[in-house]
Amino acid sequence: KPKTAVALSAVLNMVGAFLSLAVAATIAKGLVDANVITLEVVLAGLVGGITWNLLTWLLGIPSSSSHALIGGVVGSVLAAVGTQGVIWSGVAAKVLIPALLAPLVAVGVASVGTWAVARLTRDVPEDVSTRA
3 KPKTAVALSA VLNMVGAFLS LAVAATIAKG LVDANVITLE VVLAGLVGGI TWNLLTWLLG
63 IPSSSSHALI GGVVGSVLAA VGTQGVIWSG VAAKVLIPAL LAPLVAVGVA SVGTWAVARL
123 TRDVPEDVST RA
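Next comes the structure, spelled out in structure tokens:
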């Protein structure tokens with residue numbers, strides 16, 4: 003029944019809103035001061051992350067929803083309490099350094115993998131290797 007579905011959706015959306023506080027606190031752990039995580043800060047972070055994801059989607063730019071959420075939460079904490087609410091060492095250790103190192107590690111792994119496949123298939127005749 004439509005009325006039951008709408009009522010159930012409304013109740014569960016309300017429950018989800020309260021649970022999102024715990025989820026955002028888990029994501030933001032070590033990045034921002036846990037004492038400043040409020041429902042308003044979480045809502046602002048979610049709106050910021052969603053806005054960023056929609057903008058990049060509209061422009062056809064690939065983006066990470068996780069990074070958008072982290073940026074939204076850090077940005078909302080900055081707006082709410084200023085720089086003292088952000089744990090900058092945590093941002094560096096959990097976001098910036100991995101974001102910079104991941105492409106380098108990927109290049110290394112891809113290079114080794116490509117080299118290994120080339121070595122393993124170097125004696126395979128071309129007509130066999132190109133057959134579908």
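Residues are numbered in our numbering as their position in the sequence shown, beginning at 1, plus a constant of 2.
Beta carbons are placed, not taken as given, at the ideal position from N, Cα and C, and that holds for glycine.
Assignment of beta-bridge partners to residue 88 by DSSP yields 34.
The criterion of a C-beta distance shorter than 8 Å is satisfied by residue 79 and residue 87. Look at the beta carbons and you see the stretch 70–85 not touching the stretch 112–125: under three pairs across the two are nearer than 8 Å. Boundaries for residue 40: no alpha helix (DSSP H) harbours it, and the DSSP string shows neither H nor E there. Here the alpha carbons of residue 48 and residue 60 stand approximately 18 Å from one another. Per the coordinates, the alpha-carbon of residue 107 lies some 11 Å from the alpha-carbon of residue 114. The beta carbons of residue 32 and residue 89 sit closer together than 8 Å. Between residue 99 and residue 16, the alpha-carbon positions lie close to 36 Å from each other.
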